[in-house]
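Chains as they are written, first to last, in our numbering: chain P, 161 to 401; chain A, 161 to 401.
2 protein chains.
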Amino acid sequence: MIKNINKTRIVLVGTTHPGNIGAAARAMKTMSQDKLYLVTPKTFPSAEATARATGADDILADAKVFPSLKEAISDCDLVIGTSARTRSIPWPMVSPRECAKTISEDQYSSVAIVFGRENSGLSNEEMELCNLVLQIPTNDKYSSLNLAAAVQIICYEIYLLTGNDSEKGPVESTAALVKQDKMEMFYQHLEKCLIDIEFHDADNPRLLMHRMRRLFNRTQLEENECNILRGILSKVQEKIK
Amino acid sequence: MIKNINKTRIVLVGTTHPGNIGAAARAMKTMSQDKLYLVTPKTFPSAEATARATGADDILADAKVFPSLKEAISDCDLVIGTSARTRSIPWPMVSPRECAKTISEDQYSSVAIVFGRENSGLSNEEMELCNLVLQIPTNDKYSSLNLAAAVQIICYEIYLLTGNDSEKGPVESTAALVKQDKMEMFYQHLEKCLIDIEFHDADNPRLLMHRMRRLFNRTQLEENECNILRGILSKVQEKIK
């Protein structure tokens, strides 16, 4: 897997609301994308874009503005258009996940993901500059994704595949788990305590200890949790003596 | 795979900007989520929320408002908190994709996904009401996801797994899990018992009850397990009298 997030640019075509440009920049930056290309934005730069970017204003400052989509993508070897609707002339359609996978392939050195106007999307002429069409799965009855939300989802999928170079996935708990031999000592201590308080009758055990084992095995106790529980058991035993 | 998207609610805690509530509603609706729960929103309802919802105002109209997180999730059998940062006491962490997979399991009948305040997230007390913590992978250097963007990503992952089939109602779980209000009674009983045996000093509590909550929330007690544990606590209390 090639980890080169930097070969991708996000191209926004004819964006009407400057706030959406700022929000898209923020969405990009959270997912380590930094190349923003704007084709004939209605208003740019603007204070509203900067406000909505909230700390991603470096992306806005570096944004490039072009008079046409063709010029914004001239040096790309893969151009992916986004579409909210199924077009009458069928294009090869990919999902965000498939798109991320395609982008991560070695074969491409410069990729554009193109987002159309808020109300009307990309024109047919613009769509014809694309190699693939990406569609985000949505509610059949309400597919009105906000522009920045669409950017967010696609950049998220790309980030999952190409972006985690800093070895961070979801964080696992690093606390040491109790090993089996120590768990066995815990169960013996628990059983003894339950007998001492006359909750448990060793001669007529029913399912009690099975249930306790199932519960605590499922939990995977950490060392200090096991120590606390054994401390409680010892205290109970001391108190009833 | 059971397709029952309707068992999930999105809970926004202490949202400051009404625009974010509207944008979250829109994000939810594009992914077929319709249950919005608001805990102490700063301003709601508001014209700004409605404007940003852009056609998802039905979600806002049906939104329920609560004075505390506890009340918003009392009937849930799985509560998933979202966090932007790694906490000092490690919680079991899941990714959005793992979260979606967990939610799609039959075992849960009512699931809450909880989003904290724009600036400060969830408090530790709120986090302790959660069974799992969800973290969206982001750029190490800029993890400032917009609230609605976080809602969008998570609802997108759920939508991919549980999809369109919004006709299906909640599914009964095989072994009934203890719901939040009953877990709260368990923790109160446990704390009382630990005080009675003088293991726990309520005036100098250290982290004991926090650790106990973390342990048993992670475990997700079944009804009969909870009954057994409470039976043990009662027996201890009776014996030391």
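Yeah, the Cβ is synthetic: ideal placement off N, Cα and C, and Gly gets one too.
Small disclaimer: the values here were computed from a predicted structure and weren't measured.
Host beta strand (DSSP E) of residue i (start-end)
i	result
residue 198/P	196-199
Test item: CB-CB of residue i and residue j under 7 Å
i	j	result
residue 233/A	residue 196/A	no
residue 273/P	residue 240/P	yes
residue 316/P	residue 313/A	yes
residue 167/P	residue 271/P	yes
residue 185/P	residue 213/P	yes
residue 321/A	residue 264/A	yes
residue 338/A	residue 386/A	yes
residue 211/P	residue 181/P	no
residue 379/A	residue 379/P	yes
Backbone CA spacing between residue i and residue j [nearest angstrom]
i	j	result
residue 364/P	residue 340/P	26 Å
residue 366/A	residue 198/A	31 Å
residue 267/P	residue 377/P	48 Å
residue 357/P	residue 368/P	14 Å
residue 336/P	residue 252/A	13 Å
residue 176/A	residue 191/P	24 Å
residue 242/A	residue 292/A	9 Å
residue 201/P	residue 278/P	11 Å
residue 173/A	residue 217/A	19 Å
residue 392/A	residue 394/P	15 Å
residue 223/A	residue 306/A	20 Å
residue 300/A	residue 269/A	35 Å
residue 310/P	residue 389/P	48 Å
residue 353/P	residue 372/P	13 Å
residue 258/P	residue 318/A	17 Å
residue 285/A	residue 229/A	10 Å
residue 231/A	residue 237/A	13 Å
residue 308/P	residue 207/P	17 Å
residue 345/P	residue 384/A	24 Å
residue 362/A	residue 355/A	7 Å
residue 256/P	residue 281/P	17 Å
residue 342/A	residue 244/P	45 Å
residue 351/P	residue 374/P	14 Å
residue 304/P	residue 188/A	11 Å
residue 401/P	residue 323/A	59 Å
residue 260/A	residue 262/P	24 Å
residue 235/P	residue 194/P	17 Å
residue 204/A	residue 227/A	13 Å
residue 359/A	residue 382/A	26 Å
residue 179/A	residue 215/A	14 Å
residue 287/P	residue 370/A	56 Å
residue 349/A	residue 347/P	22 Å
residue 295/P	residue 276/P	12 Å
Terminal residues of the alpha helix (DSSP H) in which residue i lies
i	result
residue 371/P	368-379
residue 401/A	No alpha helix (DSSP H) contains residue 401/A, which DSSP labels as neither H nor E.
residue 322/A	307-322
residue 278/A	Here residue 278/A belongs to no alpha helix (DSSP H), and DSSP marks it neither H nor E.
residue 353/A	340-356
residue 259/A	256-263
residue 178/P	178-190
residue 208/P	207-213
residue 286/P	284-287
Beta bridge counterpart(s) of residue i as assigned by DSSP
i	result
residue 396/P	DSSP lists no partner for residue 396/P.
residue 170/A	196/A and 273/A
residue 298/A	Answer by DSSP bridge pairing: none, since residue 298/A is not bridged.
residue 407/P	One cannot answer for residue 407/P here, as it falls past the ends of chain P, which runs 161 to 401.
residue 226/P	199/P
residue 253/A	293/A
residue 337/A	382/A
Cβ-heavy atom distance, residue i to the ligand MG, below 6 Å
i	result
residue 192/P	Among the components modelled here there is no ligand, and therefore nothing to report on the ligand MG.
> Between the stretch 272-302 of chain P and chain A, which residues of the former have a C-beta closer than 9 Å to a C-beta of the latter?
Replying inline: 296, 297, 298, 299, 300, 301 and 302
> the stretch 183-196 of chain A: which residues have C-beta closer than 8 Å to a C-beta of chain P, in chain order?
Replying inline: 183, 186, 187, 189, 190, 191 and 192
> Taking any Cβ of chain A, which residues in the stretch 198-228 of chain P have a Cβ under 8 Å from it, in chain order?
Replying inline: Within the stretch 198-228 of chain P, the qualifying residues are 214, 215 and 216.
>> Short of 9 Å Cβ to Cβ, which residues in the stretch 373-385 of chain A face chain P?
In response: 374, 375, 376, 378, 379, 380, 381, 382, 384 and 385
>> Along the stretch 312-326 of chain A, where does the CB come closer than 7 Å to a CB of chain P? Name the residues.
In response: Of all residues in the stretch 312-326 of chain A, only 312, 313, 316, 319, 320 and 324 come within less than 7 Å of chain P when Cβ atoms are compared, listed by chain position.
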